[in-house]
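Using my numbering, read the sequence shown as starting at 285 and increasing by one per residue.
Beta carbons are placed, not taken as given, at the ideal position from N, Cα and C, and that holds for glycine.
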Amino acid sequence: LVAAASFQSLQEVRSHQGQEGQAFPRAPGPQTPMLGPWTRYSPCLLGGSPGPVAPQRPPHRPTQRNPACKQGQGAAQTPPRLGPPSAPPLPPKEGHQEGLVELPASFRELLTFFCTNATIHGTIRLVCSSRNRLKTTSWGLLFLGALVTLCWQLGHLLEHHWHRPVLMAVSVHSERKLLPLVTLCDGNPRRPSLVLRHLELLDEFARENIDSLYKANFSKGRDALSAAVARREPRFHLDREIRLQRLSHAGSRGRVGFRLCNSTGGDCFYRSYASGVAAVQDWYRFHYVDILALLPAVWEDSHGRQDGHFVLSCSYDGMDCQARQFRTFHHPTYGSCYTVDGVWTAQRPGITHGVGLVLRVEQQPHLPLLSTRAGVKVMVHGRNHTPFLGYHSFSVRPGTEATISIREDEVHRLGRPYSHCTSGGEGVEVELLHNTSYTRQACLVSCFQQLMVETCSCGYYLYPLPTGAEHCSSARHPAWGHCFYRLYQDLETHRLPCTSRCPRPCRESAFKLSSGTSRWPSAKSAGWTLAALGEQGLPRQSHRQRSNLAKINIVYQELNYRSVEEAPVYSVPQLLSAMGSLCSLWFGASVLSLLELLELLLDALALTLLLGGRRLRRVWLSWPRASPASGASNIKPEASHMPTPAGATSDNLGPSGPHLPQMMLPGALERVSAEESWAGPRPRETLDT
């Protein structure tokens, strides 16, 4: 309010001074405020006498050119100049209003604007020192070097990210866990009653082969043909061409093995071994499986009648086990097997809080050429998993007490794209033949059996069969051994697609076992221990035989379990953070700086299109017009017939029509001149006569 009152009083004083004829000062005094934003034009612009006006900036050029303004009141009596009247002066232009989309006139202007206003460090130095070429060149080289280094580091970072590296994070958890399943086998397979005669013929043939190689004498066992019950047996032909021999084939000299040929005999496969014992066992197993394939699909063995002979006692946490906590099955090569399937939660670690088993071990095997060791086969596996005794089991010898401590590790793997794992068998092409949960070993066995059926037209006896397939036997498939061992060798050398078709599970439990053994029972306690066990079913002739017993304790080493989880080295947020750190290190740039670069590229593209279109338009306008077709005359009015506005001559006519009169608005004149200067000179059209 004070400033407004001061301004009004100042106006009144200056108006009063103007009426008295006093001279108005050209520049404000030290105490006079400058009124920059307001500018009033003097009447001298229109040829009148100067009157009282508000203080303003230094006089404009039109005021200086008018002689009336220079001479004061006397200038009004000066005679005017001869000639046409001059055009009225143009009003002052208002501030330039930007359009919705504007582009610079050239690439140089575009680059200069970007370097001046960009937030990227170093760009301003490319234009601010344009008069100093040394500085400009130095900063240009520095900017280019920083850009190359940034691109190299970003490429290295992206390459490292595309390899999908992972980190292993190990954490320890403490909670109660269910005891895993334990499968025990006596390692003494029985002789099926339906093929006793065939197995006896095989034993005789085996004795002949071993005697020819090692000159060994055999005493005929008690499993004789005379002891067998006469029954109808399936037809069987023992292939005596497949016999043990010392191979002289290249790469197998001095080794023991056997030869397998295809149905035509043109292609033979040599299965050789460095150990004669391994050669005899594998050769015998081949013929043994060939005989078992003759058995019916549904065949009940007699191992169920001997359940109480193998497991003498069982206890958990001081309490006896129940019969329903065991599952029994018979394995063709590992004998009678028992799975301890009790739902037991480990309360505390220690032997007294685990599972204790006393087992009977037979020292007289039924198939001595197939099973050469005495002991118990033990395997610890997860629930609802198939026990593969040939891959993950260990043996406990007779006359010992073995304490097996379990430590569980849970493994969590990342899925794609970090690893090729599956969750519960999803996305696996192989159909599992075992009615259990997905494991990699079950998938490999199923894959091999399916390839066996596709390649050899039959399945291996020790593996489950797909629907509609049958087991391999020499009676129905004479050359199945050659096909099987060829395929099995490809599996061992990872030449079959089963390895890639069977990924690891993304979540699985791995059991790490540690065992300690001691002699059991001791010499002083053997008497009463064997007597007490005799009351529980131990045969009388075994009372004094400590080598027919074995004791196994299965406990948790600790209630803690480890969880191993995979984590990506560079997740998407971490990758963006690393890229942002590099950009900030070399250029101080951010995401908005990248948007500025994108804007520069878009402006450059748009400017290229506009300049290219202008050049094409000029080229098109410079081409001569094609002559009209015959019969069609292009009639245009002559210049004399065209209307001419007042004050305009025929020279004012342009190539396409008359010029606009000079009295039109200045803005329109500027637009017309701008269009003509942009379009370039247009060729005059020839008027038809």
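- Task: Output the residue ranges of the alpha helix (DSSP H) runs that lie fully inside the segment 556-621 and measure 4 residues or longer, sorted by chain position.
- Result: Residue ranges of uninterrupted alpha helix (DSSP H) with 4 or more members, entirely inside the segment 556-621 and ordered along the chain, are 560-576, 591-594.
Could you compute how far the alpha carbon of Pro762 sits from the alpha carbon of Thr723?
Whole-angstrom Cα-Cα distance: 33 Å.
Kindly identify the DSSP beta-bridge partner or partners of Thr670.
Answer is none; Thr670 lacks a bridge partner.
query: Ordered along the chain, which non-local residues of its own chain (more than five positions away) have a Cβ less than 6 Å from that of Tyr854?
result: Shown here for Tyr854: same chain residues with a beta carbon closer than 6 Å to its own, the five before and five after excluded, namely His445 in chain order.
**Message:** DSSP three-state label for Lys796, please.
**Reply:** DSSP, read as helix, strand or coil, puts Lys796 in strand.
Once you ignore the five residues that flank Gln565 on each side, which residues in its own chain have a CB closer than 8 Å to its CB?
-> Leu653, Leu654, Thr656, listed in sequence order.
- prompt: Could you give the residue range of the beta strand (DSSP E) that holds Cys545?
  reply: Taken as a continuous stretch (DSSP letters only), the beta strand (DSSP E) holding Cys545 covers 539-545.
_Three-way DSSP call (helix, strand, coil) for Val385 in this model_ = Of the three classes helix, strand and coil, the one that applies to Val385 here is coil, per DSSP.
Kindly indicate which three-state DSSP category Ser877 falls into: helix, strand or coil? Ser877 falls in the helix class under three-state DSSP.
**Asked** Cα-Cα, which of Met603, Ser906, Pro633 is closest to Glu842?
**Response** Across the set Met603, Ser906, Pro633, the C-alpha of Pro633 shows the shortest separation from the C-alpha of Glu842.
query = Gln858 to Trp870, Cα distance in whole Å?
reply = The C-alpha of Trp870 is placed about 19 Å away from the C-alpha of Gln858.
Whole-angstrom distance between Gly896 and Gly964, CA atom to CA atom: Note that Gly964 scores 46 on pLDDT, short of 50, meaning its location in the model is unreliable; the coordinates nonetheless yield the value given after this. Straight-line Cα distance between these residues: approximately 14 Å.
Rounded to whole angstroms, what is the Cα-Cα separation between Tyr557 and Ser679?
Distance between the alpha carbons of Tyr557 and Ser679: 23 Å.
query: If you run the structure through DSSP and keep just helix, strand and coil, what is Ala890?
result: DSSP, read as helix, strand or coil, puts Ala890 in helix.
| query | When burial is assigned at 16 or more other CB atoms within 10 Å of the CB, is Met736 buried or exposed? | reply | Buried, because 16 or more other Cβ atoms sit within 10 Å of the Cβ of Met736.
Inset, instruction - Report yes or no: do the segment 589-608 and the segment 780-787 share at least 3 C-beta pairs separated by less than 8 Å? - result: Taking 8 Å as the limit for Cβ pairs, the verdict is that the segment 780-787 does not touch the segment 589-608.
Quick one: give me the first and last residue of the beta strand (DSSP E) that Asp523 is part of. Segment: none, Asp523 is in no beta strand (DSSP E) and carries neither H nor E.
Does the Cβ-Cβ distance between Lys661 and Tyr618 come in under 7 Å?
In this structure, Lys661 places its C-beta atom within 7 Å of the C-beta atom of Tyr618.
- Query: Per DSSP, what kind of secondary structure is Gln858 in: helix, strand or coil?
  - Reply: In the structure shown, Gln858 sits in a helix (DSSP, three-state: H, G or I).
message: Suppose contacts are defined by Cβ-Cβ distances below 7 Å. Is Pro473 in contact with Leu651 by that definition?
response: Yes, Cβ-Cβ distance for Pro473 and Leu651 is below 7 Å.
(message) How far does the alpha helix (DSSP H) with Thr687 in it extend, from its first residue to its last?
(response) No alpha helix (DSSP H) holds Thr687; the beta strand (DSSP E) holding it covers 684-696.
*When you compare only the Cα positions, how much space is there between Thr396 and Val411?*
Linking Thr396 to Val411 through their CA atoms gives a straight-line distance of about 7 Å.
*asked:* Let's test the definition: count the other Cβ atoms within 10 Å of the Cβ of Lys266 and tell me whether it reaches 16, buried, or not, exposed.
replied: Limits of the chain in this structure are 285 at one end and 973 at the other, which puts residue 266 out of reach.
Q.
Please report the distance separating the alpha-carbon of Val848 from that of Gly699.
A. Inter-residue distance for Val848 and Gly699 is about 15 Å (C-alpha atoms, whole angstroms).
Query raised in the report: Going by DSSP, what residues sit across from Thr629 in a beta bridge?
Result: Residue pairing for Thr629: DSSP places it in a beta bridge opposite Leu462.
Three-state secondary structure (DSSP) of Gln529: Three-state result, Gln529: strand.
Would you tell me roughly how many angstroms separate the C-alpha atoms of Asn844 and Trp764, rounded to the nearest one?
Cα to Cα, Asn844 sits roughly 50 Å from Trp764.
- Task: Taking Ser758 and Asp523 to be in contact with their CB atoms under 8 Å, please state how far apart those CB atoms are, rounded to whole angstroms.
- Result: About 5 Å separates the beta carbons of Ser758 and Asp523, which is inside the 8 Å limit, making them a contact pair.
- Query: Within this structure, are the beta carbons of Gln733 and Tyr745 separated by less than 7 Å?
  - Reply: No, the pair does not count as a contact, with Cβ atoms beyond the cut-off.
| For Arg791, which residues does DSSP report across the bridge? | Under the DSSP definition of a beta bridge, Arg791 partners with His696.
Practice prompt. May I ask you to list the residues that DSSP assigns as paired with Asp552?
Written response: With the sequence shown as reference, residue 552 is identified as Cys, and Asp is not the correct amino acid for it. In DSSP, Cys552 forms a bridge with Cys545.
Mapping the DSSP letters down to three states, classify Tyr702 as helix, strand or coil. In the structure shown, Tyr702 sits in coil (DSSP, three-state: anything other than H, G, I, E or B).
query = What is the C-beta distance between Ser730 and Glu754, in whole angstroms, given that I count them as a contact (C-beta under 8 Å)?
reply = The distance from the Cβ of Ser730 to that of Glu754 is about 17 Å, inconsistent with a contact at the 8 Å cut-off.
**Message:** So if DSSP puts Cys801 in a beta bridge, which residue, or which two residues, is it bridged to?
**Reply:** Correcting the residue type first, residue 801 is Thr in the shown sequence and not Cys. Bridge pairing for Thr801: Ala686 [DSSP].
Less than 8 Å between C-beta atoms, sequence neighbours within five positions excluded: which residues of the same chain meet that for Leu866?
So the list reads Leu434, Gln437, Leu438, Leu441, once near-sequence residues are dropped.
(Q) For a quick check, are the C-beta atoms of Ser793 and Glu692 less than 7 Å apart? (A) For Ser793 and Glu692, yes; Cβs fall inside 7 Å.
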